[in-house]
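Per my numbering, the sequence shown starts with residue -6, numbered consecutively.
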Amino acid sequence: MTTRYRVEYALKTHRRDQLIEWIKGLLAVPFVLHSQPTAVFEPRSESVDQMAGITQRRYAEIMRDVEEIVNDHIAHQLAGTHDRSKLKLLVPSVATFFTPLALHDAFIWQDQRRFISWRRFVPPSFNDVRLILNTSQIMSLVRNGPLDLVTFDGDVTLYDDGKSLTPDNAVIPRILRLMRNGSRIGIVTAAGYSEARRYYERLYGLLDAIHASDLPAASKQNLIVMGGESNYCFKFTGDSPDLLKLVPRNDWLLPEMMLWQESDITELLDLAEASLRDTIKNLRMEASIVRKDRAVGIIPQPTHRFCRETLEETVLITQKILDMSPVSHRLPFCAFNGGNDVFVDIGDKSWGVLACQRFFGGIEGGKTLHVGDQFLSAGANDFKARLACTTAWIANPAETVQLLDEIAELDEMQQRKTR
Ligand code: IMP
Ligand code: MG
């Protein structure tokens, strides 16, 4: 029987991040106890700054406590007993932490910018907590630097959905700054093409800027593009007109990826294609199928927009059918909602990031940051990167720019401290 509870559960668990929801719940208590909504019409109550001072202290204490609980989880990870940590009991979906999180300091940092403690009517929100977690992650990475590898998703992270990275994009000087400081860069995108030209067309603003920059030739090579999640690797090269050169698979595949069989790839994509065709028919979608050697997807007829529910339904059905097939136990895949399309790719971004780490000589997860917009647990493709490295969850390209500015500011503070 489908009870209301089961409906809510099936539809909502993949749309919630349990760690963020849990922290949000903890912060709701001081908000209820200390925010003073009546002060708006009772002029003799304490000033907003006094109220904020008290509330900030309470919020910050909670963030310090959560920081300790994360440290305890990390201690359990090291002892091989992560499934027995207190955090695992409280938030069963938490996985591996690659570094501690500077949650207390990150809260103060974001509070000074977002005035969370000053608010009387709006409690700490999902976005507040998401941004505090991002800051806490980069604080920890910068303090324990250097940040050896930064990988970026493409659509929605570096440029608007379906658009290209044009020369006026504010992210370009920030990525150049990272490269100048010695960080390697990986663009780990689902967009899957086997020709360099197609990536040049999407990324030319950045590629041309690197080419024209005064970076030493060796540093320019510190950028790679990993396309189709983990299927096509290109390295930067000033010699070719597209500034990118395909790296043969044998030169970069991880040993586990060498075991992926062509027959399994075909079987999985056939199954996914059949499921997508079925959904197009049942939901009367104005869509066409795109089949590639490592992916299959549906894209809309020109100018058509699918509604969110249809896209989600398509992903969840396809995911379920693939999960139940024996071939999905032999081969990783990623089914996701791309905003106005749905794709099933062979492999996923955890393999994409791991391959970048290996390409640059074996960089650790705790020295790698993946920046992306898709971190829901189903139908999202950046989520899997959490298996390989630390992550930052942004909502649009402007937030990526803000995050990179935060890294630069924290870097400078750190350098001043160590001088
Ligand atoms: P990302 O956000 O950079 O990971 O790019 C995802 C988008 O790339 C999808 O929404 C699609 O529009 C597009 N795309 C193009 N080719 C492929 C493919 O082979 N697999 C998945 N996505 C693709
Ligand atoms: Mg994206």
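Heads up, the beta-carbon is just placed ideally off N, CA and C, and yes, glycines get one too. Since the model is a prediction, treat every value here as computed from it, not as a measurement.
Identify the continuous beta strand (DSSP E) that holds residue i and give its terminal residues.
{"i": "Cys226", "result": "Tyr225 to Phe229"}
{"i": "Pro293", "result": "Ala288 to Pro293"}
{"i": "Leu362", "result": "Thr361 to Gly365"}
{"i": "Val308", "result": "Not the beta strand (DSSP E): Val308 falls in the alpha helix (DSSP H), residues Arg301 to Asp316."}
{"i": "Asn417", "result": "Within the shown structure, residues of the chain are numbered from -6 to 412, placing residue 417 beyond reach of any answer."}
{"i": "Arg177", "result": "Arg177 to Val181"}
{"i": "Ala401", "result": "Ala401 -> not in any beta strand (DSSP E); alpha helix (DSSP H) instead, spanning Pro390 to Thr411."}
{"i": "Asp10", "result": "Per DSSP, Asp10 belongs to no beta strand (DSSP E) and is neither H nor E."}
{"i": "Asp338", "result": "Val335 to Ile339"}
{"i": "Ala378", "result": "Run containing Ala378: none; DSSP gives neither H nor E here."}
Suppose the cutoff is 6 Å on Cβ atoms and the five residues either side in sequence are ignored; what does the same chain contact list for residue i look like?
{"i": "Val289", "result": "Leu262, Ala265, Glu266 and Val337"}
{"i": "Arg167", "result": "Leu397"}
{"i": "Lys213", "result": "Ile203 and Phe229"}
{"i": "Met(-6)", "result": "Confidence at Met(-6) is low in this model, with a pLDDT of 48, below 50, so the placement of that residue is unreliable and no value is reported for it."}
{"i": "Pro421", "result": "Residue 421 cannot be examined here, being either before or after the span of the chain that is shown, -6 to 412."}
{"i": "Ile109", "result": "Pro117 and Asp121"}
{"i": "Ala95", "result": "Ser129, Met132 and Ser133"}
{"i": "Val283", "result": "Gly290 and Ile292"}
{"i": "Thr384", "result": "His363 and Ala378"}
{"i": "Arg177", "result": "Leu142, Asn215 and Phe353"}
Shortest alpha-carbon distance to residue i belongs to which of the options?
{"i": "Asp286", "options": "Thr361, Ile258 and Ser157", "result": "Ile258"}
{"i": "Trp386", "options": "Glu306, Leu151 and Arg277", "result": "Leu151"}
{"i": "Leu134", "options": "Arg412, Glu399 and Arg409", "result": "Glu399"}
{"i": "Thr89", "options": "Met406, Gln408, Ala378 and Ala53", "result": "Ala378"}
{"i": "Ile180", "options": "Lys410, Asn243, Ala348 and Ile13", "result": "Ala348"}
{"i": "Phe329", "options": "Glu306, Trp344 and Pro139", "result": "Glu306"}
{"i": "Val364", "options": "Leu200, Val59, Val122 and Gln130", "result": "Gln130"}
{"i": "Asp235", "options": "Ser223, Glu260, Lys79 and Asp201", "result": "Asp201"}
{"i": "Gln103", "options": "Arg123, Leu324, Leu171 and Leu315", "result": "Arg123"}
{"i": "Val346", "options": "Val59, Met250, Arg77 and His27", "result": "Met250"}
{"i": "Asp146", "options": "Gln407, Leu304 and Asn389", "result": "Asn389"}
{"i": "Thr393", "options": "Arg301, Asp148 and Asn333", "result": "Asp148"}
{"i": "Ala373", "options": "Phe352, Lys342, Gly354 and Gln407", "result": "Lys342"}
{"i": "His49", "options": "Gln105, Val59 and Ser206", "result": "For the record, residue 49 in the displayed sequence is Gln; it is not His. For Gln49, the nearest C-alpha among the options comes from Gln105."}
{"i": "His297", "options": "Met278, Leu19 and Gly155", "result": "Met278"}
{"i": "Gly221", "options": "Thr74, Ala183 and Gly138", "result": "Ala183"}
{"i": "Lys79", "options": "Leu12, Lys238, Gly175 and Ile339", "result": "Leu12"}
If you drop the 5 nearest sequence neighbours on each side, which residues of the same chain put their C-beta closer than 7 Å to that of residue i?
{"i": "Asp98", "result": "Met132"}
{"i": "Ile310", "result": "Ser268 and Thr272"}
{"i": "His322", "result": "none"}
{"i": "Ser233", "result": "Ala189"}
{"i": "Ile314", "result": "Leu264 and Ser268"}
{"i": "Arg51", "result": "Pro23 and His27"}
{"i": "Phe376", "result": "Gln367, Phe368, Leu369 and Ser370"}
{"i": "Trp111", "result": "Val41 and Ala45"}
{"i": "Arg173", "result": "Leu208"}
{"i": "Asn333", "result": "Pro293, Arg298 and Phe299"}
{"i": "Asn127", "result": "Ala385, Trp386 and Leu396"}
Note down, in chain order, each residue of its chain lying with its Cβ closer than 8 Å to the Cβ of residue i, except the 5 sequence neighbours on either side.
{"i": "Ala83", "result": "Note that residue 83 corresponds to Leu in the displayed sequence, not to Ala. Excluding sequence neighbours, Leu83 sits near Trp15 and Ile62."}
{"i": "Gln350", "result": "Leu142, Ile356, Glu357, Gly358, Thr361, Ala381 and Cys382"}
{"i": "Gly231", "result": "His204, Ala210 and Lys213"}
{"i": "Ser157", "result": "Glu194, Arg195, Leu196, Tyr197 and Gly198"}
{"i": "Glu428", "result": "This structure does not reach residue 428, given that the chain is present from -6 up to 412, and the question cannot be answered."}
{"i": "Arg107", "result": "Asp121 and Leu124"}
Along the alpha helix (DSSP H) that carries residue i, what are the first and last residues, could you check?
{"i": "Cys349", "result": "Lys342 to Phe352"}
{"i": "Trp102", "result": "Leu96 to Arg107"}
{"i": "Ala205", "result": "Ala189 to Ala205"}
What beta strand (DSSP E) runs, 3 residues minimum, are completely inside the segment 220 to 283? Runs of the beta strand (DSSP E) inside the segment 220 to 283: 225 to 229 and 237 to 240.
Go through the residues and name those whose CB comes closer than 5 Å to any heavy atom of the ligand MG, in chain order. Asp146, Asp148, Val149 and Asp366
Taking the runs of the alpha helix (DSSP H) that are 4 residues or longer, which of them lie wholly in the segment 46 to 126? Qualifying alpha helix (DSSP H) stretches, in chain order: 79 to 83 and 96 to 107.
As an exercise, report each continuous beta strand (DSSP E) stretch of at least 3 residues that is fully enclosed by the segment 146 to 181, in chain order. 177 to 181
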